[in-house]
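K.L.:
One line per chain: the protein sequences are A and B, in this order.
According to my numbering, the first sequence holds residues 28 to 486 in order.
According to my numbering, the second sequence holds residues 28 to 486 in order.
Every residue gets a Cβ at the ideal spot worked out from N, C-alpha and C, and that includes glycine.
My structure is below; once you've seen it, I'll send some questions.
There are 2 protein chains.
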Amino acid sequence: MSARLDPVLARLDAGGDAALARLFDLLRIPSISTDPAHAADCARAADWLVRDLVSLGFEAGARPTPGHPMVVAHGGTGARHVLFYGHYDVQPVDPLSLWHRDPFDPALEDTPAGKVIRGRGASDDKGQLMTFIEACRAWIAEHGALPFRITIFLEGEEESGSPSLVPFLRENRDELTADLALICDTGLFDRDTPAITTMLRGLLGEEVTIRAASRDLHSGMYGGAAQNPIRILSRIIASLHDEQGRVTVPGFYDGVQELPEAIAAQWQGLGFDAEAFLGEVRLSVPAGEAGRGVLESIWSRPTCEANGITGGYTGAGFKTVLPAEASAKISFRLVAGQDPLKVRDSFRTTVRAMLPADCEASFAEHGASPASVMATDNPAFEATRKALSAEWPREAAFTGSGGSIPVAGYFRTELGMDSLLTGFALDDDMIHSPNEKYDLRAFTKGMRSWARIIDALAE
Amino acid sequence: MSARLDPVLARLDAGGDAALARLFDLLRIPSISTDPAHAADCARAADWLVRDLVSLGFEAGARPTPGHPMVVAHGGTGARHVLFYGHYDVQPVDPLSLWHRDPFDPALEDTPAGKVIRGRGASDDKGQLMTFIEACRAWIAEHGALPFRITIFLEGEEESGSPSLVPFLRENRDELTADLALICDTGLFDRDTPAITTMLRGLLGEEVTIRAASRDLHSGMYGGAAQNPIRILSRIIASLHDEQGRVTVPGFYDGVQELPEAIAAQWQGLGFDAEAFLGEVRLSVPAGEAGRGVLESIWSRPTCEANGITGGYTGAGFKTVLPAEASAKISFRLVAGQDPLKVRDSFRTTVRAMLPADCEASFAEHGASPASVMATDNPAFEATRKALSAEWPREAAFTGSGGSIPVAGYFRTELGMDSLLTGFALDDDMIHSPNEKYDLRAFTKGMRSWARIIDALAE
């Protein structure tokens with residue numbers, strides 16, 4: 028029993044409905060950062076958060092950037108200074124037809140696995156960031172003030188490559204540099220096992236457009252005489268992997284290390300069920316590099332994927348066109364040792380070398396962030412691991428993550444600050460997909476987890 | 028001088044503005060047959076034609092089909108019976124942003140090469156079919172009646188695979204069977220040289236959709252573990268051609284003959300300028316089968332092209348999704364000797380054989396029509412060649428065509444009727460592309476050409 032923590036937990040338990048109502052308010056704002064049509068919605072989400080944080084006593088503001096605003100809020104006093112990071116922007120919602128409700132009209136739904144909060148951003152990342160804000164709210168309500176200095180830093184461009192992040196960190200280095208960053212944008216290892224993510228893949232995003240003729244052509248008139256950008260683009264994408272599933276871009280694996288045996292053994296001990304992981308999305312055979320397990324493939328191996336492709340006529344029916352251009356969005360997940368800019372250069376050189384006569388390629392950048400490996404010897408890691416283990420049925424684990432949280436890398440390179448990543452999402456939350464959800468249990472135990480972590484870090 | 032023909036030609040010359048106004052009325056109707064949203068517009072175009080033909084004394088009606096209506100009109104009397112075929116439906120207009128005016132607000136525009144009629148369908152095929160109707164109008168106005176029986180048969184699904192055509196021909200065999208079909212949906216050989224098209228490629232349209240996971244996945248969470256349908260589809264498309272540009276579908280070239288030397292020599296004599304043909308659309312190197320010329324490739328060799336591809340996130344910005352599915356529209360241009368259904372079966376078998384575990388392919392049909400070779404020994408061919416040669420600066424030529432006019436094949440197989448194809452389009456008419464046009468000269472000399480042909484066939 029803890030006289031300092033227990034009343035905060037009790038207050039969180041009593042205030043669940045009000046916390047949920049606040050989250051729903053935030054989820055109703057369609058803050059899709061990648062779509063320029065939603066710029067005003069992003070600003071609205073930032074303002075909503077500023078108002079809420081000011082109401083808690085934070086000194087908070089929505090700070091302009093060339094893109095969407097950053098929310099920065101300061102609360103608490105003392106020598107210890109912790110920065111909390113989350114993002115208020117969300118992914119696009121297409122294909123809308125696959126949602127069973129309006130993505131921006133959130134609701135609590137009953138499912139066989141329990142109650143879930145349904146809506147875009149419920150898990151990634153509005154639900155997660157609100158677990159921290161609610162823990163602060165309860166702490167302040169109970170004790171009058173936070174137990175140490177907390178800066179809350181909420182980004183609005185995480186889902187669109189964070190173009191303003193590094194300049195903003197540089198311009199506000201002193202204000203944002205703390206002893207440690209807490210980042211809440213990752214998941215539980217499984218329903219009952221909390222995780223602190225200590226390895227994160229980096230991400231390189233490239234958009235390539237192939238152009239041939241000066242205009243769309245009739246395939247009857249020109250078929251057999253003119254280049255077809257769809258065929259060229261298909262050939263390029265097909266060539267990016269060999270028969271063993273390895274990426275063929277020259278130099279791609281330079282610097283990539285095999286997983287240390289100690290880490291491999293720890294991951295082995297997690298009892299990961301690859302069959303169930305794949306089966307949940309109706310797959311059965313791991314599709315990555317031959318001879319590597321699923322956990323190794325998604326946590327510690329680099330990949331190359333096509334995330335989108337378009338060219339020619341894609342409407343209903345048929346149109347016998349030879350299109351003038353075709354384009355694809357290609358992403359590379361990167362691991363420790365890989366230089367994103369070297370990979371980009373090699374990729375572009377490879378594509379250009381494959382172009383036949385009369386064809387040209389152009390490229391658009393969509394971010395380039397390196398992988399991160401966390402400093403787990405910081406005592407905050409063990410304190411947090413214990414706090415999480417007290418809240419959840421199983422002991423917390425140090426894990427890897429296939430996703431990219433570029434901000435962790437930038438906190439290190441720009442601010443010299445370590446990051447501790449923990450969060451409460453689940454693999455089946457359908458983030459970036461239709462019908463995104465966040466378990467109500469993740470939200471309630473997430474708030475309680477942060478109260479415990481704040482308590483642990485206050486020691 | 029011909030007392031029967033000359034006054035008809037004079038009447039056509041005097042009535043040019045009124046003929047153009049009628050064509051504009053028809054062009055204003057957005058009869059895009061492949062898009063279900065335009066079904067009512069297709070019906071409106073059919074009704075417009077029926078009203079116009081009834082006003083000329085034709086017994087005309089818009090006849091229902093499971094798709095868009097067929098226009099059938101009967102005029103004239105006598106033992107000789109000729110059927111005229113055209114189509115009133117048009118291609119989609121995307122990308123709309125590349126049009127320099129509303130595609131359905133036609134106008135006469137001045138260009139360095141002379142006046143053109145700008146608008147979707149101006150060349151393909153509304154402008155062309157109206158050249159025949161205007162010739163009939165002038166003939167009837169001058170002589171009180173047509174010189175022989177003419178049935179006008181106008182389709183509304185030519186640009187969407189003609190799904191209702193064969194059943195309609197079968198159900199109305201007696202009514203539609205004539206001594207010869209005149210089909211106006213092809214082009215001049217060049218500005219000054221009219222053409223009678225005697226070889227036509229067939230067309231097989233297939234839409235293939237590759238599915239893997241049960242939903243879109245996050246490429247961070249699943250990248251390296253899950254199949255990516257875009258990669259699989261790209262690999263399939265890339266594999267459809269070998270390094271020599273030959274189609275790899277097994278059995279694809281079964282039955283395909285090399286071009287007879289006599290025809291090759293005749294085509295050689297046409298003085299085709301491959302460099303100018305490709306240069307007009309900013310290309311320089313023929314992209315088809317290695318070692319074959321452009322004219323041979325587009326008139327007498329079969330091809331395979333991807334006409335459209337889509338998968339994953341294709342909007343602005345970036346989305347790190349592993350899509351659940353990706354699809355492509357693939358078409359095959361076929362030549363004499365190829366069986367469309369055998370090619371379809373082999374294509375589908377080939378695709379299915381390339382699927383890795385956990386992936387499935389589904390197929391949608393978009394037409395399957397064989398190539399056609401015309402019966403040039405029918406005396407109407409020589410009569411028409413002479414009539415065309417009298418109107419245009421150069422002698423008319425017998426040519427091939429890379430495009431597909433499936434109706435010519437169906438007239439033969441379903442009605443036992445030969446077809447004679449002539450028309451006045453040019454390679455730079457941008458049919459199926461933005462800014463479609465029809466030369467005013469093609470329209471006026473086209474009307475005069477049909478008057479001459481009607482006169483020649485009346486002998």
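Which residues mark the beginning and the end of the alpha helix (DSSP H) in which Val276/B is found?
P.N.:
In the second sequence, the residue the question calls residue 276/B occupies position 249. Note, Val276/B: premise wrong, no alpha helix (DSSP H); not H, not E.
K.L.:
Taking only three categories from DSSP, how would you classify Leu110/B?
P.N.:
In the second sequence, counting from the first residue as 1, residue 110/B sits at position 83. Note: Leu110/B maps to strand in three-state DSSP.
K.L.:
Tell me which residue opens and which closes the beta strand (DSSP E) that Val98/B is part of.
P.N.:
As a first step, residue 98/B must be located in the second sequence, where it is residue number 71. Element bounds for Val98/B: 97 to 102.
K.L.:
Can you name the residues of chain A whose CB is closer than 7 Å to the CB of Glu332/B?
P.N.:
As a working note, residue 332/B is residue 305 in the second sequence. Near Glu332/B (Cβ distances below 7 Å), the residues of chain A are Ser246, Gly250, Asn255, Leu349.
K.L.:
Whole angstroms is fine: what's the gap from Thr220/A's alpha carbon to Ala424/A's?
P.N.:
Reading the first sequence from its first residue, position 193 is the one you call residue 220/A. Reading the first sequence from its first residue, position 397 is the one you call residue 424/A. Straight-line Cα distance between these residues: approximately 7 Å.
K.L.:
Residue range of the alpha helix (DSSP H) that Gly494/A falls in?
P.N.:
Given a span of 28 to 486 for chain A in the structure shown, any question on residue 494/A remains unanswerable.
K.L.:
Count the CB pairs spanning the segment 60 to 75 of chain B and the segment 90 to 105 of chain B that are closer than 8 Å, and state whether there are at least three.
P.N.:
Touching, yes, given that three or more Cβ pairs across the two stretches are closer than 8 Å.
K.L.:
According to a CB-to-CB cut-off of less than 7 Å, which residues of the segment 42 to 73 of chain A neighbour chain B?
P.N.:
From the segment 42 to 73 of chain A, only Thr61, Asp62, Pro63 have a Cβ closer than 7 Å to chain B.
K.L.:
Please state the DSSP three-state secondary structure of Val308/B.
P.N.:
For this step, residue 308/B is matched to residue 281 along the second sequence. The answer is coil: DSSP assigns Val308/B none of H, G, I, E or B.
K.L.:
Determine whether the Cβ of Tyr112/A lies closer than 8 Å to any Cβ atom of chain B.
P.N.:
Locating residue 112/A in the first sequence gives position 85, where the first residue counts as 1. So no, Tyr112/A is outside the interface.
K.L.:
Quick one: list the residues of chain B neighbouring His95/A, beta-carbon separation under 7 Å, in chain order.
P.N.:
If you number the first sequence from 1, residue 95/A lands on position 68. In chain order: nothing, as chain B lies at least about 12 Å away.
K.L.:
According to DSSP, is Leu349/A helix, strand or coil?
P.N.:
Residue mapping note: residue 349/A aligns to position 322 of the first sequence, counting from 1. DSSP places Leu349/A in strand when its eight states are reduced to three.
K.L.:
So what's His529/B in DSSP terms, helix, strand or just coil?
P.N.:
Residue numbering for chain B in the displayed model covers 28 to 486; residue 529/B lies beyond these limits and cannot be assessed.
K.L.:
From the DSSP output, in three-state form, read off Glu409/B for me.
P.N.:
Here residue 409/B is taken as the residue at index 382 of the second sequence, counted from 1. Glu409/B: helix per DSSP, three-state reduction.
K.L.:
Between which two residues does the beta strand (DSSP E) carrying Arg145/B extend?
P.N.:
Here the question's residue 145/B lines up with position 118 in the second sequence. Segment 141 to 145, the beta strand (DSSP E) holding Arg145/B.
K.L.:
What are the residues of the segment 337 to 361 of chain B that lie near chain A, defined by any Cβ-Cβ distance shorter than 7 Å?
P.N.:
Result list: Thr337, Gly338, Gly339, Tyr340, Thr341, Gly342, Ala343, Gly344, Phe345, Lys346, Thr347, Val348, Leu349, Ala353, Lys356, Ser358, Arg360.
K.L.:
Measure the C-alpha to C-alpha separation of Leu536/A and Thr341/A and round it to an integer number of angstroms.
P.N.:
Here chain A covers residues 28 to 486 and nothing more, so residue 536/A does not appear.
K.L.:
Sorted by chain position, which residues of the same chain lie with C-beta nearer than 6 Å to Ala452/B's C-beta, five sequence neighbours on each side aside?
P.N.:
Stepping through the second sequence from its first residue, residue 452/B is reached at position 425. Correct list, in chain order: Ser150, Gly214.
K.L.:
Between Leu442/A and chain B, is any beta-carbon pair separated by less than 8 Å?
P.N.:
Within the first sequence, numbered from 1, the residue matching residue 442/A stands at position 415. Output row for Leu442/A: interface = no.
K.L.:
Residues in its own chain within less than 8 Å of Val321/A by CB, not counting five upstream and five downstream?
P.N.:
Mapped onto the first sequence, residue 321/A falls at position 294. Hits under 8 Å: Phe299, Ala301, Phe304, Leu305, Pro313, Gly315.
K.L.:
Output needed in chain order: residues of the segment 115 to 138 of chain A with a Cβ under 9 Å from some Cβ in chain B.
P.N.:
Under the 9 Å Cβ criterion, the segment 115 to 138 of chain A contributes Gln118, Pro119, Asp121, Pro122, Leu125.
K.L.:
Anyone know if the C-beta pair for Leu110/A and Ala205/A falls short of 8 Å?
P.N.:
Stepping through the first sequence from its first residue, residue 110/A is reached at position 83. Stepping through the first sequence from its first residue, residue 205/A is reached at position 178. A contact, by the Cβ cut-off of 8 Å.
K.L.:
Touching or not, the segment 248 to 262 of chain A and the segment 391 to 401 of chain A, by the rule of three or more beta carbon pairs under 8 Å?
P.N.:
No, because fewer than three Cβ pairs between the segment 248 to 262 of chain A and the segment 391 to 401 of chain A fall closer than 8 Å, the two stretches do not touch.
K.L.:
Take Glu332/A as the anchor and find which of His65/B, Gly335/B, His245/B, Val77/B has the nearest alpha-carbon.
P.N.:
One-based indexing of the first sequence puts residue 332/A at position 305. Taking only the C-alpha atoms, the option nearest Glu332/A is His245/B.
K.L.:
Determine the DSSP secondary structure at Leu382/B, reduced to helix, strand or coil.
P.N.:
Reading the second sequence from its first residue, position 355 is the one you call residue 382/B. It is coil, neither helix nor strand.
K.L.:
Identify every run of the alpha helix (DSSP H) within the segment 193 to 255 of chain B, keeping only runs that are complete inside it and at least 4 residues long; order them along the chain.
P.N.:
Runs found: 200 to 203, 246 to 249.
K.L.:
Less than 7 Å separating the Cβ of Leu260/A from some heavy atom of the ligand SAH?
P.N.:
Although the ligand SAH was asked about, the structure shown includes no ligands whatsoever.
K.L.:
Between which two residues does the beta strand (DSSP E) containing Asp466/B stretch?
P.N.:
The residue given as residue 466/B occupies position 439 in the second sequence. Start and end: 464 to 466.
K.L.:
Of the residues that make up the segment 294 to 310 of chain A, which ones have a beta carbon closer than 9 Å to any beta carbon in chain B?
P.N.:
If the cut-off is 9 Å between Cβ atoms, the segment 294 to 310 of chain A has Ala301, Phe304, Leu305, Glu307, Val308, Arg309, Leu310 near chain B.
K.L.:
My guess is that Thr185/A and His268/A are in contact by the Cβ rule of under 8 Å, so how many angstroms apart are they, rounded?
P.N.:
The residue labelled residue 185/A in the question sits at position 158 within the first sequence. The residue labelled residue 268/A in the question sits at position 241 within the first sequence. Here the sequence assigns Glu to residue 185/A, which means Thr is not the residue at that position. Actually they do not touch by this definition, with Cβ atoms about 28 Å apart.
K.L.:
Taking only beta carbons into account, state which residues of the segment 447 to 461 of chain B come closer than 8 Å to chain A, listed in chain order.
P.N.:
So the list reads Asp454, Met457, Ile458, His459, Ser460, Pro461, given in the order they occur along the chain.
K.L.:
So, does the CB of Ser389/A fall closer than 8 Å to a CB anywhere in chain B?
P.N.:
Start at 1 with the first residue of the first sequence, and residue 389/A comes out as number 362. Chain B, which has no Cβ nearer than 8 Å to the Cβ of Ser389/A, makes this no.
K.L.:
By the 8 Å beta-carbon criterion, what residues does the segment 420 to 436 of chain B contribute toward chain C?
P.N.:
Note that chain C does not occur in the displayed structure, where the protein chains are A and B.
K.L.:
Within 8 Å of any Cβ in chain A, is that where the Cβ of Arg262/B sits?
P.N.:
Translated into the one-based positions of the second sequence, residue 262/B becomes position 235. Judged by the 8 Å Cβ criterion, Arg262/B is in contact with chain A.
K.L.:
Within 10 Å of its beta-carbon, does Asp281/A have 16 or more other beta-carbons around it, so buried, or fewer, so exposed?
P.N.:
Walking along the first sequence from the start, residue 281/A turns up at place 254. The residue is exposed, with fewer than 16 neighbouring Cβ atoms inside 10 Å.
K.L.:
Which residues of the segment 213 to 234 of chain B have a Cβ closer than 8 Å to any Cβ of chain A? Give them in chain order.
P.N.:
Answer in chain order: Arg228, Leu230, Gly232, Glu234.
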